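Please read the structure below before turning to the comments.
Residue numbers (UniProt numbering): 1 to 199.
Following this line, the structure appears as structure tokens:
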């Protein structure tokens, strides 16, 4: 019965065809574009593809939601969260009552890109013995609430360079916005491909 329940939960989450996600391959940098209302489900599908199908470990930078909620949703979808290190940009900003652990790091301030860069360096070093790992940032659109476009653009350019040097699979998640088309076109220059999750 447990297996059937797990399958039902997974089918509920996977009610949208996102075959484009299979464009994401090793050692590439991608900008993925999703509708805001279903972006969380698209992230779950990407992680299922990377962790379950491709047996990769990775780092999940959660800017939209607290890591407790993200972990709960991933486990419901049958994704092994033991293979993921979480950087939580939101929880400590809101509650302040958190402590880092082996696979979870909490940012002090959601708008501090320097702190985020340091935490990514720390966590990527922990992953260095794994030949295949990814960094998924959910989402770069939310970063623009707390920082101006040029600051975020420079930060993503810096990250993309780090990812290429370390041969990391980098995924910048964004939700579509007509007002940000120019920004996204500039981010796309740093990426190998833009994946439209709109099937």
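Virtual Cβ for every residue (Gly too), placed ideally from N, Cα, C. None of these values were measured; they are calculated from a predicted model.
Under the Cβ criterion (8 angstroms, minimum of three pairs), the segment 52 to 69 counts as touching the segment 80 to 90.
Scanning the segment 110 to 168 from its first residue to its last, the whole beta strand (DSSP E) runs of 3-plus residues come out as 133 to 138.
Taking each of 186, 45, 194 and 134 in turn and checking the Cα distance to residue 57, the smallest one comes out for 134. The beta carbons of residue 163 and residue 29 sit closer together than 7 angstroms. In this chain, the beta strand (DSSP E) harbouring residue 33 covers 29 to 34. Taking each of 179, 177 and 171 in turn and checking the Cα distance to residue 32, the smallest one comes out for 171.
A check of alpha carbon separations from residue 155 across 108, 52, 179 and 137 identifies 137 as the nearest. In the three-state reduction of the DSSP assignment, residue 179 falls in the helix class, which pools H, G and I. For residue 88, the beta-bridge partners assigned by DSSP are 62 and 106.
The C-beta separation of residue 183 from residue 34 comes to about 16 angstroms, leaving the pair out of contact by the 8 angstroms criterion. With contacts defined by Cβ atoms closer than 7 angstroms, residue 27 and residue 51 do not form a contacting pair.
Check the Cα spacing between residue 75 and each of 44, 126 and 105: the tightest is with 44.
If you draw a 10 Å sphere on the C-beta of residue 195, you find 16 or more other C-beta atoms in it, and that means buried. Contact between residue 93 and residue 110 is confirmed by a C-beta separation of about 5 angstroms, below the 8 angstroms threshold. Per DSSP, the continuous alpha helix (DSSP H) segment holding residue 42 begins and ends at 39 to 47.
A Cβ-Cβ separation of about 7 angstroms places residue 113 in contact with residue 151 under the 8 angstroms criterion.
Judged by DSSP secondary structure, residue 193 falls within the beta strand (DSSP E) whose first and last residues are 193 to 196.
Burial of residue 140 is indicated by the presence of at least 16 other C-beta atoms within 10 angstroms of its C-beta. The residues 105, in chain order, have a CB closer than 8 angstroms to that of residue 122 in the same chain once the five nearest residues on each side in sequence are set aside.
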